[in-house]
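K.L.:
For the sequence shown, UniProt numbering gives the first residue as 1, with consecutive numbering after it.
C-beta: ideal position from N, C-alpha, C; glycine also.
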Amino acid sequence: MSELLKVTHLHKEFGNNVVLKDINLSVKRGEVVVIIGPSGCGKSTFLRCLNGLEEIQGGIITVDGLPVEADKRDITKLRQKIGMVFQSYELFPHKTVIENIILAPTKVQKRNKEEVTKEAIELLDKVGLSDKKDYYPRQLSGGQKQRVAIVRALVMHPEIILFDEVTAALDPEMVHEVLETMIKLAKSGRTMLIVTHEMSFAEAVADRILFFDNGEIVEETEDVKGFFKEPVTERAQKFLRTFEYDSALYI
Ligand code: ADP
Ligand code: MG
């Protein structure tokens, strides 16, 4: 597997608040990396740096060999390589599902409308929403909107997709359908970087776990089962103890 994302000595601060300290990470094509850690430890900021949404004060980030630099001319090209799905779906309320999905591929990527529409419908079908293509966002549940947001990212053909706590704002009964969609994507060979607080999902989907605390990668392992059974560091042990979860849920 070839290296798709590379981060070396990443340093990020807001004023004199240092948020990310010397982060080093390499993600191979097809790999699913899950980031967990306490609130405020820098997970969202990290994903935003990867996507060029935040200026960085040190280090280098490359995606497919292309350097990520916020506010540079290449950023549009780069954003097409990296998809991102957030906690809030940010669909346009006055556009239908299909209109929301085809907007960026036709306007930004200048792709053929019929072709993109066809692909969008196929993707909607895969997430169980082809019958909702002409609905408006307000006519959908939170879980359905989040699945539309995932399709909207996929249709851009990103090399890697970043997911930032995409189920955190959903009602409990809708969490499952979104996580199942992500598990399917992972199984189909997508490269994904996922921030989540859903521990049984993390255990099921991850090829590698990164435990962040206080702006640093405190523990990193490919022994995912071992990590959830008994992490090496005391900080990760303490963090995991705050979760009670059913590890059989997604396996
Ligand atoms: P997490 O996603 O792990 O909860 P965040 O990346 O959101 O953590 O935040 C990490 C730290 O960066 C926090 O101390 C937060 O207050 C700070 N921070 C995040 N965004 C900004 C911003 N735009 N301006 C100033 N400080 C910020
Ligand atoms: Mg966050």
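1) Under 8 angstroms: do the segment 92 to 99 and the segment 133 to 147 share three or more Cβ pairs, one atom per stretch?
2) Output the residues surrounding the ligand ADP, defined as those with a CB atom closer than 5 angstroms to any ligand heavy atom, in chain order.
3) Using 8 angstroms as the threshold, is the C-beta distance between Ala-236 and Val-218 below it?
4) Which residues in the same chain as Lys-113 place their Cβ atom closer than 8 angstroms to its Cβ, once the five residues preceding and following it in sequence are excluded?
5) In this structure, how does DSSP classify Asn-100 when only helix, strand and coil are distinguished?
6) Cα separation between Val-116 and Leu-124?
7) Three-state secondary structure (DSSP) at residue 319?
8) Note down, in chain order, each residue of its chain lying with its Cβ closer than 8 angstroms to the Cβ of Ile-121, except the 5 sequence neighbours on either side.
9) Pick out whichever of Asp-207, Asp-213, Arg-152, Glu-230 has its Cα sitting closest to the Cα of residue 256.
10) Return the first residue and the last residue of the beta strand (DSSP E) that Arg-208 is part of.
11) In or out: residue 255 buried (at least 16 other Cβ within 10 Å) or exposed?
12) Going by beta-carbon coordinates alone, are Val-155 and Glu-119 separated by less than 8 angstroms?
13) Can you find a heavy atom of the ligand SAH that lies under 7 angstroms from the Cβ of Asp-164?
14) Could you spell out the range, first to last residue, of the alpha helix (DSSP H) harbouring Asp-125?
15) How many angstroms separate the CA atom of Asp-171 from the CA atom of Leu-10?
16) Report yes or no: do the segment 199 to 214 and the segment 41 to 49 share at least 3 C-beta pairs separated by less than 8 angstroms?
17) By DSSP, does Ile-56 sit in helix, in strand, or in coil?
18) DSSP three-state call for Gly-142: helix, strand or coil?
19) For Phe-86, which residues of its own chain have a beta-carbon under 6 angstroms away from its beta-carbon, when the five flanking residues on both sides are left out?
20) CA-CA distance, Ser-188 and Asn-16?
21) If you count every other CB in all the chains shown that lies within 10 Å of the CB of Glu-173, and 16 or more means buried, which is it?
P.N.:
Judging by the given coordinates:
1) Yes, they touch.
2) Per the Cβ criterion, the list is Phe-14, Val-19, Ser-39, Gly-40, Cys-41, Gly-42, Lys-43, Ser-44, Thr-45.
3) Against the sequence shown, residue 236 aligns to sequence position 236. Against the sequence shown, residue 218 aligns to sequence position 218. Yes, Cβ-Cβ distance for Ala-236 and Val-218 is below 8 angstroms.
4) Here the question's residue 113 lines up with position 113 in the sequence shown. These residues qualify, in order along the chain: Ile-102, Thr-106.
5) Taking the first residue of the sequence shown as 1, we reach residue 100 at position 100. Note: Asn-100 maps to helix in three-state DSSP.
6) As a position in the sequence shown, residue 116 is number 116, starting the count at 1. As a position in the sequence shown, residue 124 is number 124, starting the count at 1. In this structure, the straight-line span from the alpha carbon of Val-116 to that of Leu-124 is close to 12 angstroms.
7) Outside the shown range of the chain (1 to 251) lies residue 319, about which nothing can therefore be said.
8) Translated into positions along the sequence shown, residue 121 becomes position 121. Cβ neighbours of Ile-121 beyond the five flanking positions: Ile-98, Ser-130, Lys-133.
9) Given a span of 1 to 251 for the chain in the structure shown, any question on residue 256 remains unanswerable.
10) For the purposes of this step, residue 208 is taken as the residue at position 208 of the sequence shown. Annotation: the continuous beta strand (DSSP E) that includes Arg-208 extends over 208 to 213.
11) In the structure displayed, the chain extends from 1 to 251; residue 255 sits before or after that span and is not available.
12) Numbered from its first residue, the sequence shown carries residue 155 at position 155. Numbered from its first residue, the sequence shown carries residue 119 at position 119. Contact flag set, yes.
13) The model depicted lacks the ligand SAH and carries the ligand ADP and the ligand MG instead.
14) Position 125 of the sequence shown, counted from the start, is the residue given in the question as residue 125. Following the DSSP letters along the chain, one finds Asp-125 inside the alpha helix (DSSP H) bounded by residues 113 to 126.
15) Numbered from 1 along the sequence shown, position 171 holds the residue referred to as residue 171. Numbered from 1 along the sequence shown, position 10 holds the residue referred to as residue 10. Looking at the backbone, the Cα of Asp-171 and that of Leu-10 are separated by about 35 angstroms.
16) A contact exists between the segment 199 to 214 and the segment 41 to 49.
17) Position 56 of the sequence shown, counted from the start, is the residue given in the question as residue 56. Note: Ile-56 maps to coil in three-state DSSP.
18) Position 142 of the sequence shown, counted from the first residue, corresponds to residue 142. Looking at Gly-142 - three-state DSSP - the assignment turns out to be helix.
19) Position 86 of the sequence shown, counted from the first residue, corresponds to residue 86. Excluding positions up to five away in sequence, the list reads Asp-164.
20) As a first step, residue 188 is located in the sequence shown; it is residue number 188 there, counting from the start. As a first step, residue 16 is located in the sequence shown; it is residue number 16 there, counting from the start. If you take the alpha carbons of Ser-188 and Asn-16, they lie about 42 angstroms apart.
21) Residue numbering aside, residue 173 sits at position 173 when the sequence shown is read from its first letter. Residue environment: Glu-173 is assigned as exposed (fewer than 16 neighbouring CB atoms within 10 Å of its CB, all protein chains considered).
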